[in-house]
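J.: Going letter by letter, the sequence shown gives residues 1 to 383 in full-length UniProt numbering. Don't be surprised by glycine CBs; every beta carbon is placed ideally from N, CA and C. Note that the structure is predicted; figures quoted are calculated from it, not measured.
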Amino acid sequence: MATAACPFASQLTNTEKLPNRPETPQAPETTENTIFTQERIDASPAITSDNPTLIHSEYDLFRQSCPLAYTTNYSGYYLLTRYADIKSAALDSTTFISSVRAVIPSDPRGLRRPPLNFDAPAHTPYRTALDRTLKPARIARLSSPLQNHAERLLAPLLENGQGNICTEFASDYAAWVETEWLNLEPETAPKLARTASDWVDAWRRMDGEKTTYYSGMLYDIARGVLADRRENPRDLEEDPASSLLAEELEEVGLVGCIRQSLVVGMVAPPLMMGGICNYLSEHQGLQQQLREDLSLIPAAIEEFVRLFSPYRGFARTVSKDTVIHGHTVKPGIPISMTYSAANRDPTVFENPHEFILNRPSIAMHMGFGRGRHRCVGQPLAKL
Numbered sequence: 001m002a003t004a005a006c007p008f009a010s011q012l013t014n015t016e017k018l019p020n021r022p023e024t025p026q027a028p029e030t031t032e033n034t035i036f037t038q039e040r041i042d043a044s045p046a047i048t049s050d051n052p053t054l055i056h057s058e059y060d061l062f063r064q065s066c067p068l069a070y071t072t073n074y075s076g077y078y079l080l081t082r083y084a085d086i087k088s089a090a091l092d093s094t095t096f097i098s099s100v101r102a103v104i105p106s107d108p109r110g111l112r113r114p115p116l117n118f119d120a121p122a123h124t125p126y127r128t129a130l131d132r133t134l135k136p137a138r139i140a141r142l143s144s145p146l147q148n149h150a151e152r153l154l155a156p157l158l159e160n161g162q163g164n165i166c167t168e169f170a171s172d173y174a175a176w177v178e179t180e181w182l183n184l185e186p187e188t189a190p191k192l193a194r195t196a197s198d199w200v201d202a203w204r205r206m207d208g209e210k211t212t213y214y215s216g217m218l219y220d221i222a223r224g225v226l227a228d229r230r231e232n233p234r235d236l237e238e239d240p241a242s243s244l245l246a247e248e249l250e251e252v253g254l255v256g257c258i259r260q261s262l263v264v265g266m267v268a269p270p271l272m273m274g275g276i277c278n279y280l281s282e283h284q285g286l287q288q289q290l291r292e293d294l295s296l297i298p299a300a301i302e303e304f305v306r307l308f309s310p311y312r313g314f315a316r317t318v319s320k321d322t323v324i325h326g327h328t329v330k331p332g333i334p335i336s337m338t339y340s341a342a343n344r345d346p347t348v349f350e351n352p353h354e355f356i357l358n359r360p361s362i363a364m365h366m367g368f369g370r371g372r373h374r375c376v377g378q379p380l381a382k383l
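#1: For Val100, I'd like the list of residues in its chain whose CB is within less than 7 Å of its CB, leaving aside the five on either flank, ordered along the chain.
#2: Where do the N-terminal and C-terminal ends of the beta strand (DSSP E) with Arg316 fall, by residue?
#3: Under the assumption that Asn117 contacts Ser98 (Cβ atoms under 8 Å), give the Cβ distance between them as a whole number of angstroms.
#4: Report the start-end ranges of each alpha helix (DSSP H) in the region 222-275 that is 4 residues or longer and not cut off at the edges.
#5: Would a C-beta distance cut-off of 8 Å place Glu303 and Ile356 closer than the cut-off?
#6: So within the region 322-378, which uninterrupted alpha helix (DSSP H) runs reach at least 4 residues, ignoring any that extend past its ends?
#7: Please return the same chain residues whose Cβ sits closer than 7 Å to the Cβ of Tyr214, not counting the five positions on each side in sequence.
#8: Just tell me which of Pro114, Met266, Phe308 and Val323 has its CA closest to the CA of Ala341.
#9: Do you know offhand how far Glu177's Cα is from Leu146's?
#10: Using three-state DSSP, classify Phe36 as helix, strand or coil.
#11: Assuming Leu153 is part of the alpha helix (DSSP H), what are its boundary residues?
#12: Do Thr71 and Asp50 come within 8 Å of each other at the CB atom, strictly closer than that value?
#13: Are there three or more Cβ pairs, one per stretch, closer than 8 Å when the region 155-173 is compared with the region 267-275?
#14: Would you identify the three-state DSSP class for Phe118, choosing helix, strand or coil?
#15: Taking Ile324 and Asp60 to be in contact with their CB atoms under 8 Å, please state how far apart those CB atoms are, rounded to whole angstroms.
#16: DSSP beta-bridge partners for Thr167?
#17: Please determine, among Val376, Ala46, Ala381 and Leu380, the residue with the shortest C-alpha to C-alpha distance to Tyr126.
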């Protein structure tokens, strides 16, 4: 294989036919002593590691020297790390589409569910229906029951004086948030917590059989709630299933959207809460400051989301040949919009690896994404 700085695959046209190694046209300039061979990229902690320190250190190198990297991992995809590039792609939903690949790795069965895997205009009625149930008045009404769930679930940890905030609180709490938002029966919450956890684990292991099994359980919940709302419709601004039914969408899309909604709120919260609590345990001064002045918490949450974005990013493919940093990207090849890298771009966030309360540029963070596919549950997540 030819050795080149920051190699690319500019001639490939189909993700199902990617070769073991991409072609390596002339690459952009790199900084001195930083040569990104294909082997170097494929083995990079930015691609292979779960260690945040190593990952962010690599993002710094990629951002400076190889802003459009290509890896052969997961059948091949591009990696964007600069804030400007990622924001531009997220806001251009005509060129950077979601209907081919929206996550890396994809569902091992190749399934596509709305609204995450849909493009406009097919995407729009699903978002309209879900957004309708997350208006400020609804969020305010959810505040009290969700606080009660939080206090109840935290009580055993406080009584014991210790516990795992991710597995013993956050995963169960996330299930109760979903249960309240979707107006599910109370007994659904513990089942949802267990099933979603098992589903995520199977997906991470790319175990198609187990993924299908646990996904089927989530589909059963989705079908059940839709069947009930057909018989007992509720206020469109209070109930996602009723709101979706009002859009007169196809059954497969309705079930898929509820199924998607069941999962998206289950993955990020445990990771986010774990990152927050770990940081506060190591920074007692900040912890005490937030205890003494609760008005600082919203600003702190925004900075935590910037620092500890639970999703590294989402994927797009281009709808036409697109030149990025002098290289032509072909349709079909996934491009990772790496939000966690964008959130630590020093051109936007000064001292990006530090926690800075009331950071002047904090509104620019991309922890909830941008554009048509920004996080639909953002208001609920912030609550």
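T.: Reading it off the structure:
#1: Here residue 100 is taken as the residue at index 100 of the sequence shown, counted from 1. The beta carbon of Val100 sits closer than 7 Å to those of Thr317 and Gly332, all from its chain and outside the five residues before and after it, given in chain order.
#2: The residue labelled residue 316 in the question sits at position 316 within the sequence shown. Under the DSSP assignment, Arg316 falls in the beta strand (DSSP E) whose first and last residues are Phe314 to Val318.
#3: Indexing the sequence shown from 1 puts residue 117 at position 117. Indexing the sequence shown from 1 puts residue 98 at position 98. Confirmed, Cβ separation roughly 6 Å.
#4: Listed in chain order, they are 240-245.
#5: In the sequence shown, residue 303 corresponds to position 303, counting from 1. In the sequence shown, residue 356 corresponds to position 356, counting from 1. Note that the C-beta distance between Glu303 and Ile356 is below 8 Å.
#6: List check, alpha helix (DSSP H) in window: 339-342.
#7: Mapped onto the sequence shown, residue 214 falls at position 214. Only Thr195, Asp198, Trp199 and Ala202 meet the Cβ criterion.
#8: Taking the first residue of the sequence shown as 1, we reach residue 341 at position 341. Of the candidates Pro114, Met266, Phe308 and Val323, the one whose C-alpha sits nearest the C-alpha of Ala341 is Phe308.
#9: On the sequence shown, residue 177 is found 177 positions in, with the first residue counted as 1. On the sequence shown, residue 146 is found 146 positions in, with the first residue counted as 1. Note that residue 177 is Val in the sequence shown here, rather than Glu. Roughly 7 Å between the two C-alpha positions.
#10: The residue labelled residue 36 in the question sits at position 36 within the sequence shown. DSSP places Phe36 in the coil class of the three-state scheme, outside both helix and strand.
#11: Locating residue 153 in the sequence shown gives position 153, where the first residue counts as 1. It spans Pro136 to Asn160 - the alpha helix (DSSP H) in which Leu153 sits, taken as one unbroken run.
#12: The sequence position of residue 50 within the sequence shown is 50, counting from 1. The sequence position of residue 71 within the sequence shown is 71, counting from 1. With respect to Thr71, Asp50 sits apart: the two C-beta atoms are not nearer than 8 Å.
#13: By the criterion of at least three beta-carbon pairs nearer than 8 Å, the region 155-173 is in contact with the region 267-275.
#14: As a first step, residue 118 is located in the sequence shown; it is residue number 118 there, counting from the start. Phe118: coil per DSSP, three-state reduction.
#15: Here the question's residue 324 lines up with position 324 in the sequence shown. Here the question's residue 60 lines up with position 60 in the sequence shown. Wrong, their Cβ atoms sit about 20 Å apart, outside the cutoff.
#16: Residue mapping note: residue 167 aligns to position 167 of the sequence shown, counting from 1. Paired residues: none, contrary to the question.
#17: For the purposes of this step, residue 126 is taken as the residue at position 126 of the sequence shown. Looking at Val376, Ala46, Ala381 and Leu380, the one whose alpha-carbon comes closest to that of Tyr126 is Val376.
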